[in-house]
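Trainee:
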Amino acid sequence: KVTSVRAWECLDSRGHPTIGCEVALEPGASATALVPTGASTGQYEVADLRDGGDRYAGLGVRSAVAMIEREIAGRIVGWPADEVDELLDGPSNVTLGVSTAVAKAAAAAAGVPLWAHLAGDGPVSLPCPMVNIFSGGRHAEGGGTIQDYLAVPTGATSFAEAMEHVWRVRRRAAELVAAEHGTLWSRLVADEGGLALPGGDDERPLAMLAQAIAETGLPVGIAIDVAATQVPDPDALVDTLARWCATYPIVSVEDPLGDSDWDGWTKVTARLSPRQVIGDDLFATDADRVRTGAQHGAANAVLVKPNQVGTLSGAHQALTAARAVDYRTVVSARSGDTEDDAIADLAVGWNAGQIKVGSVHRSERLAKYNRLLRLEALDGIRYAVWPG
Ligand code: PGA
Ligand code: ZN
4 KVTSVRAWEC LDSRGHPTIG CEVALEPGAS ATALVPTGAS TGQYEVADLR DGGDRYAGLG
64 VRSAVAMIER EIAGRIVGWP ADEVDELLDG PSNVTLGVST AVAKAAAAAA GVPLWAHLAG
124 DGPVSLPCPM VNIFSGGRHA EGGGTIQDYL AVPTGATSFA EAMEHVWRVR RRAAELVAAE
184 HGTLWSRLVA DEGGLALPGG DDERPLAMLA QAIAETGLPV GIAIDVAATQ VPDPDALVDT
244 LARWCATYPI VSVEDPLGDS DWDGWTKVTA RLSPRQVIGD DLFATDADRV RTGAQHGAAN
304 AVLVKPNQVG TLSGAHQALT AARAVDYRTV VSARSGDTED DAIADLAVGW NAGQIKVGSV
364 HRSERLAKYN RLLRLEALDG IRYAVWPG
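Counting from 4, one number per residue, gives the positions in the sequence shown under the UniProt record's numbering.
1. Check whether the Cβ of L240 sits closer than 7 Å to any heavy atom of ligand 2, and report yes or no.
2. DSSP three-state label for G300, please.
3. Taking the alpha carbon of G31 as the reference point, which residue from G352, V105 and L200 has its own alpha carbon closest?
4. Looking only at C-alpha atoms, which of L244, A199 and A226 sits nearest to A181?
5. Indicate whether the contact test is met: 3 or more Cβ pairs, each with one atom in the segment 271-283 and one in the segment 300-310, closer than 8 Å.
6. Quick check: what's the CA-CA separation for V38 versus D85?
7. Any C-beta of chain D sitting closer than 8 Å to the C-beta of Y152?
8. Under a three-way DSSP split, which group does E12 fall into?
9. Using a threshold of 7 Å, is the CB atom of L191 nearer than that to any non-hydrogen atom of ligand 1?
10. What three-state label does DSSP hand D228 in the structure shown?
11. Note down, in chain order, each residue of its chain lying with its Cβ closer than 6 Å to the Cβ of S161, except the 5 sequence neighbours on either side.
12. Using the Cα positions of L315 and T103, report the straight-line distance between them to the nearest angstrom.
13. My understanding is that P132 touches V192, with C-beta atoms under 8 Å, so please give their C-beta distance in whole angstroms.
14. Beta strand (DSSP E) containing N135: first to last residue?
15. At a cut-off of 7 Å, would you count E257 as near ligand 2, judging by its Cβ distance to the nearest heavy atom?
16. Considering only the beta carbon of each residue, do A347 and L322 sit closer than 8 Å?
17. Comparing C-alpha positions only, which one of Q150, P390 and H364 sits nearest to M166?
18. What distance in whole Å lies between the Cβ atoms of K4 and E29, which are believed to be in contact at a cut-off of 8 Å?
19. Tell me which residues share the same chain as P252 and place their Cβ nearer than 6 Å to its Cβ, disregarding the 5 neighbours each side in the sequence.
20. Tell me whether R385 counts as near ligand 1, meaning its Cβ is closer than 7 Å to at least one heavy atom of that ligand.
21. Could you check whether the Cβ of D228 sits closer than 7 Å to any heavy atom belonging to ligand 1?
22. State the beta-bridge partners of Y152 as determined by DSSP.
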């Protein structure tokens, strides 16, 4: 049973205010969780509550803290941990910290790791990582249009080997950036720890990533997240994307179109298949939107971001809906994230198959990778290789 709920204002990897939450259960287990925040948010995701006004440029979350400690605490104290998510509703930063802290505390009370608590008797695996190398869009303001160019370790047979492959690609890509634009550009990092290029050309990062991969000689593919909800005219990009797919070793494309164009999505999915086509803002981690998308043949994979829906149970329902229609699942962090590593356990315990948490730089990213490396090294959890 929940005995206390506390919250405080802390800071995320962009230095923006976010929610920290601590939940205590009877008998004697407690846990904390920190909440991430996206920069490229879609219209269908549950919004955060921000204070406005002068503090922290209006981004403060004291009103969310107050809502957690008064309304939410009043509603859930006395209830069993596994019934809490059903009692939660409100802004995403008000509910997600509570939902995550309750799950962690319940795992602690049961004396098992979070992944094992979430898995129950179900199968578990270490996810194949999709790792940011170059950023643009909202994650590197002033750069190009495309948000995310990622390395996918398609030939690795363990999580540790997957990390080493993408690490070598990132290092080579940084050398190419240094040679072309100087060391400073190769050392600066975007929101998810990736590189960025001056000039705003959308194909240049892709070409450089392809070159880095070719020069390492490693079995690594390319994934692109267009984050088209942030692009003024995404339709104009589709032909370009199709051309890139014919030129570069692209294995996955995310959000090539905006989040309201089901018919456009049907066409673009047919055009880009059999590559992986991921819906992020399109589905907004909502089980109903996943089912609607499947009826349209829109996308063939679902990005699962718990803060888009506000609770772990809601995220798990979206994941289950995806699996029911044979869509792949990718558990994802946000561009504004924290040292909280719970998302790694979600990917493992829900047997998601893939994870997307940013580059192999910056500790809010490494927290997740380091957790997965530990689960492989010490707990011997099986690695889910790239599904091909
Ligand atoms: P966000 O970016 O967290 O800024 O939304 C991640 C993504 O679009 O996949
Ligand atoms: Zn995305």
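Even glycine gets a Cβ: it sits at the ideal position worked out from N, Cα and C.
Mentor: By the coordinates alone:
1. Taking the first residue of the sequence shown as 1, we reach residue 240 at position 237. No, since every heavy atom of ligand 2 falls outside the 7 Å radius drawn around the Cβ of L240.
2. Counting from 1 along the sequence shown, the entry for residue 300 is found at position 297. Note: G300 maps to coil in three-state DSSP.
3. By one-based count along the sequence shown, residue 31 stands at place 28. The shortest C-alpha separation from G31 is found at V105.
4. Against the sequence shown, residue 181 aligns to sequence position 178. Cα-wise, what sits closest to A181 is A199.
5. yes
6. For the purposes of this step, residue 38 is taken as residue 35 along the sequence shown, with counting starting at 1. For the purposes of this step, residue 85 is taken as residue 82 along the sequence shown, with counting starting at 1. Taking the straight line joining both Cα atoms gives about 20 Å.
7. Considering every chain present, this structure includes no chain D. It has just one protein chain.
8. Locating residue 12 in the sequence shown gives position 9, counting from the first residue. Note: E12 maps to strand in three-state DSSP.
9. Within the sequence shown, numbered from 1, the residue matching residue 191 stands at position 188. Result no, Cβ not under 7 Å from ligand 1.
10. As a working note, residue 228 is residue 225 in the sequence shown. DSSP places D228 in strand when its eight states are reduced to three.
11. Stepping through the sequence shown from its first residue, residue 161 is reached at position 158. Excluding sequence neighbours, S161 sits near Y386.
12. Translated into positions along the sequence shown, residue 315 becomes position 312. Translated into positions along the sequence shown, residue 103 becomes position 100. Looking at the two C-alpha atoms, the distance is approximately 7 Å.
13. Taking the sequence shown and counting its residues from 1, one reaches residue 132 at position 129. Taking the sequence shown and counting its residues from 1, one reaches residue 192 at position 189. Incorrect: roughly 17 Å between the Cβ atoms, too far for contact.
14. Residue numbering aside, residue 135 sits at position 132 when the sequence shown is read from its first letter. Note, N135: beta strand (DSSP E), V134 to S138.
15. Stepping through the sequence shown from its first residue, residue 257 is reached at position 254. Yes.
16. Locating residue 347 in the sequence shown gives position 344, counting from the first residue. Locating residue 322 in the sequence shown gives position 319, counting from the first residue. Contact: no.
17. Walking along the sequence shown from the start, residue 166 turns up at place 163. Of the candidates Q150, P390 and H364, the one whose C-alpha sits nearest the C-alpha of M166 is H364.
18. Stepping through the sequence shown from its first residue, residue 29 is reached at position 26. Stepping through the sequence shown from its first residue, residue 4 is reached at position 1. About 5 Å separates the two Cβ atoms, so the contact holds.
19. Your numbering for residue 252 matches position 249 in the sequence shown. The answer, listed in chain order, is G224 and I225.
20. Mapped onto the sequence shown, residue 385 falls at position 382. It does not: the Cβ of R385 is nowhere closer than 7 Å to a heavy atom of ligand 1.
21. Here residue 228 corresponds to residue number 225 of the sequence shown, with the count starting at 1. Under cutoff, so the answer is yes.
22. Position 149 of the sequence shown holds residue 152. DSSP lists F137 and I227 as partners of Y152.
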